[in-house]
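J.: Residue numbers (the working numbering), protein chains in the order written: chain A, 235 to 456; chain B, 18 to 280.
Where is the CB? At the ideal position from N, CA and C, for every residue including glycine.
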Amino acid sequence: MAKEVKLFGMWASPFSRRVELALKLKGIPYEYIEEDLSNKGPSLLKYNPIHKKVPLLVHEEKPVAESLVILEYLDETWKHNPILPQDPYERAMARFWGKFIDEKLLPTSAKVGLSKGKEEQEQAMEEVHDQLKILENELKGKEFFSGNSIGYLDVVANILFWFRTEEEVGGLKVLSTEKFPMICEWIEKLIKIDVVNECRIPKEKYDDYVKLRQKASKSASS
Amino acid sequence: MAVQNTAMAEEVKLFGAWGSPYSRRVEMALELKGVPFEYIEENVSDDKLKSPSLLKYNPIHKKVPVLQHNGKPILESQIILEYIDETWKSNPILLQDPHERAMARFWAKFIEEKCMPPVWKALLGSRDERGKAMEEVRECLKTLESVLNGKNFFGGETIGLLDIAANFIAFWLRVIQEVSGLEFLTAEECPLLIKWCDRANAIAEHLPVECMPALWKAGWIPAENEREKAVEEACECLKTLDSALNGRRFFEKDTVGFVDMSA
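#1: Using a Cβ-Cβ distance under 7 angstroms, would A328/A count as near chain B?
#2: Run the CB neighbour count on K212/B, radius 10 Å, all protein chains shown included, and call it buried at 16 or more, exposed below.
#3: Mind pulling the chain C residues with CB within less than 9 angstroms of Y307/A?
#4: Measuring alpha carbon to alpha carbon, tell me which of V154/B, G172/B, V61/B and I176/B ends up nearest L199/B.
#5: Measure the alpha-carbon distance for G51/B versus I220/B and round it to whole angstroms.
#6: How many Å lie between F267/B and I57/B at the Cα?
#7: The beta strand (DSSP E) spanning A299/A covers which residue range?
#8: Using a C-beta cutoff of 7 angstroms, does Y323/A count as contacting chain B?
#9: Any beta-carbon of chain A closer than 7 angstroms to the one on L92/B?
#10: Please report whether the beta-carbon of K168/B lies at a distance below 7 angstroms from any beta-carbon of chain A.
#11: Under 7 angstroms, do S197/B and L141/B count as touching if we go by C-beta distance?
#12: Which residues mark the beginning and the end of the beta strand (DSSP E) in which Y266/A is found?
#13: Note down the Cα distance separating D215/B from K376/A, rounded to an integer number of angstroms.
#14: Name the one or two DSSP bridge partners that K407/A has.
#15: Tell me which same chain residues have a C-beta within less than 8 angstroms of the C-beta of K79/B, skipping the five on either side of it?
#16: What first and last residue would you give for the alpha helix (DSSP H) that runs through I425/A?
#17: Distance, Cα to Cα, W35/B vs F54/B?
#18: Which runs of the alpha helix (DSSP H), 4 residues or longer, sit entirely within the region 42-93 of chain B?
#19: Where do the ends of the beta strand (DSSP E) carrying F171/B lie?
#20: Between I427/A and V298/A, what straight-line distance do the alpha-carbon atoms span, to the nearest angstrom?
#21: With a CB to CB cut of under 8 angstroms and the five nearest residues on each side skipped, what residues in its chain are close to V43/B?
#22: Among W245/A, P289/A, K240/A and L241/A, which residue has its Cα nearest to the Cα of D441/A?
#23: My output table needs one value for H285/A: the three-state DSSP class, helix, strand or coil.
#24: Who are the neighbours of Y100/B on chain A, taking C-beta pairs under 8 angstroms?
#25: Taking Cβ positions, are F397/A and L406/A nearer each other than 7 angstroms?
#26: Should P289/A go down as buried or exposed, given a rule of 16 or more other Cβ atoms within 10 Å for buried?
#27: Would T104/B pass as an interface residue toward chain A - the criterion being a Cβ-Cβ separation below 7 angstroms?
Put into structure tokens, the structure is as follows:
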């Protein structure tokens with residue numbers, strides 16, 4: 235299928251990076267358009283008028299939005315190198331954990347950054363740890379979340395790279411090898427894979443980006 | 018492919034709650050596909066009242082609906098709908114074309130994430146939040162009106178995933194409107210969507226509409242002086258509903274709990 239595939243994305247967005255990873259894993263050629271989220275291009279706004287967000291996939295002029303919806307679309311349109319399992323029950327499980335990551339883990343970890351005061355931060359961290367424990371359990375006896383090779387859930391779980399190993403927030407370790415040995419090992423395995431590494435957010439660039447955004451929000455609120 | 022009645026019969030159980038739109042979605046899909054199933058009514062008002070089976074199959078969220086198929090639990094209504102479509106091939110609820118499927122999934126997500134939360138805010142939020150929430154709901158409904166685009170159903174000529182996912186709008190929103198007096202869905206702004214609601218409700222079997230307001234009032238809007246009367250009315254309704262609902266059990270409590278609906 236030599237038809238045109240475009241991806242509107244943003245380098246610091248893990249949702250955008252997920253789609254890039256899936257496209258590369260499936261060997262689908264695409265054109266990447268970097269969006270400046272503070273100044274969104276007319277194409278993005280035209281193709282995704284509801285949410286005006288990245289990532290946005292445009293295939294044969296038809297837009298598909300929302301990273302998890304895009305992943306399913308990719309698998310259904312390009313049947314080679316499937317990222318979702320074939321069995322309906324396994325598919326349901328993969329989707330369940332994908333939803334868990336996006337709808338539970340992500341908002342909980344956002345709370346850590348938004349916490350005011352040490353007590354609130356500690357409580358938020360505890361919630362994150364509880365949820366990470368649940369995910370850690372999903373890796374038991376498996377090479378990757380998706381089994382022997384990387385698949386849908388490993389792609390969706392890319393946000394775990396954000397929880398940088400051994401990094402501390404307010405004196406608390408987010409993702410320690412001691413508490414989450416399997417997740418840490420999974421990260422190490424994954425970043426050795428070329429295509430995964432290509433889709434990682436470079437740490438220093440990301441740290442600068444976060445600092446800039448914090449500055450901007452502080453000056454906006456003052 | 019019809020459901021086969023083999024020696025090793027398939028075991029399909031649904032743990033649900035009659036007041037939950039999420040639970041009803043799964044029932045609709047199973048009924049549409051003619052899949053025989055056992056229904057277990059759960060008391061969702063309190064974790065301590067939930068059945069041990071539910072807590073075993075859904076330890077993380079402890080919510081309905083849970084579909085159990087040959088011993089394996091499937092959770093989250095949208096995920097269950099996809100599972101049902103992939104397992105029982107008759108009367109498909111998703112179209113074949115990948116882009117159509119993506120659109121159905123996108124709009125189903127939109128309904129859950131953008132349409133439903135502001136309805137609760139409009140009902141239960143602070144005074145400042147309520148007006149804004151009403152606007153949000155209205156905008157969502159106008160968007161869905163344009164998505165429907167003159168079709169009989171979101172799925173085209175027959176009911177599809179999105180019609181099922183939008184059951185909250187077809188049925189519950191109208192009940193909420195009646196109970197609260199808030200006008201979310203109007204004929205001026207969404208004439209096609211209203212017609213769709215009638216079509217969707219005619220196909221899906223629902224609890225008698227006349228009873229729902231009393232039941233909702235008892236659970237949702239309990240101004241102290243009105244509460245006792247609301248509960249009395251609700252209990253009367255439950256008694257008359259009992260036989261109409263094919264022997265489903267109802268919990269004998271003085272409140273009906275809707276608050277802890279499923280994800």
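T.: By the coordinates alone:
#1: Here residue 328/A is taken as the residue at index 94 of the first sequence, counted from 1. Chain B has no Cβ within less than 7 angstroms of the Cβ of A328/A.
#2: Counting from 1 along the second sequence, the entry for residue 212/B is found at position 195. Answer is exposed; the Cβ neighbour count stays below 16.
#3: Chain labels in this structure do not include chain C; the protein chains are A and B.
#4: Numbered from its first residue, the second sequence carries residue 199/B at position 182. Closest by alpha carbon: V154/B.
#5: Here residue 51/B refers to the residue found at position 34 when the second sequence is read from its first residue. Here residue 220/B refers to the residue found at position 203 when the second sequence is read from its first residue. Rounded to whole angstroms, G51/B to I220/B spans 14 angstroms at the Cα level.
#6: Translated into the one-based positions of the second sequence, residue 267/B becomes position 250. Translated into the one-based positions of the second sequence, residue 57/B becomes position 40. Its pLDDT being 37, under 50, F267/B is placed unreliably in this model, and the value from its coordinates should be taken loosely. Using only the alpha carbons, I get a separation of about 11 angstroms.
#7: Residue mapping note: residue 299/A aligns to position 65 of the first sequence, counting from 1. Unbroken beta strand (DSSP E) run through A299/A: K296 to A299.
#8: Counting from one through the first sequence, the residue named residue 323/A turns up at place 89. So yes, Y323/A belongs to the interface.
#9: Along the second sequence, one-based indexing puts residue 92/B at 75. At least one beta carbon of chain A lies nearer than 7 angstroms to the beta carbon of L92/B.
#10: By 1-based counting over the second sequence, the position of residue 168/B is 151. Residue contact check for K168/B against chain A: no CB pair falls below 7 angstroms.
#11: One-based indexing of the second sequence puts residue 197/B at position 180. One-based indexing of the second sequence puts residue 141/B at position 124. Not a contact, by the Cβ cut-off of 7 angstroms.
#12: Residue 266/A sits at position 32 when you count from the first residue of the first sequence. Taken as a continuous stretch (DSSP letters only), the beta strand (DSSP E) holding Y266/A covers E265 to E268.
#13: Residue mapping note: residue 215/B aligns to position 198 of the second sequence, counting from 1. Residue mapping note: residue 376/A aligns to position 142 of the first sequence, counting from 1. About 49 angstroms.
#14: Taking the first sequence and counting its residues from 1, one reaches residue 407/A at position 173. The partner list for K407/A (beta bridge, DSSP) reads E402/A.
#15: Your numbering for residue 79/B matches position 62 in the second sequence. D64, K67, L71 and L72.
#16: Along the first sequence, read from residue 1 onward, the residue named residue 425/A stands at position 191. I425/A -> alpha helix (DSSP H) spans P415 to I425.
#17: Start at 1 with the first residue of the second sequence, and residue 35/B comes out as number 18. Start at 1 with the first residue of the second sequence, and residue 54/B comes out as number 37. Cα to Cα, W35/B sits roughly 15 angstroms from F54/B.
#18: Along the region 42-93 of chain B, the alpha helix (DSSP H) occurs as fully enclosed runs of 4 or more residues at 69-74, listed in sequence order.
#19: Residue numbering aside, residue 171/B sits at position 154 when the second sequence is read from its first letter. Per DSSP, F171/B lies in no beta strand (DSSP E) and is assigned neither H nor E.
#20: To locate residue 427/A, count along the first sequence from 1; it is residue 193. To locate residue 298/A, count along the first sequence from 1; it is residue 64. Counting only the Cα atoms, V298/A lies some 27 angstroms from I427/A.
#21: Walking along the second sequence from the start, residue 43/B turns up at place 26. Hits under 8 angstroms: L31, G33, P82, L84, S94, I97, L98 and I101.
#22: For this step, residue 441/A is matched to residue 207 along the first sequence. For the residues W245/A, P289/A, K240/A and L241/A, the minimum Cα distance to D441/A belongs to W245/A.
#23: For the purposes of this step, residue 285/A is identified with residue 51 of the first sequence, where counting begins at 1. Here H285/A sits in coil by DSSP.
#24: Walking along the second sequence from the start, residue 100/B turns up at place 83. Correct list: P322, Y323, R325 and A326.
#25: Reading the first sequence from its first residue, position 163 is the one you call residue 397/A. Reading the first sequence from its first residue, position 172 is the one you call residue 406/A. The answer is no: Cβ separation not under 7 angstroms.
#26: As a position in the first sequence, residue 289/A is number 55, starting the count at 1. Its Cβ being crowded by 16 or more others within 10 Å, P289/A is buried.
#27: In the second sequence, counting from the first residue as 1, residue 104/B sits at position 87. Yes - at least one Cβ of chain A is within 7 angstroms of the one on T104/B.
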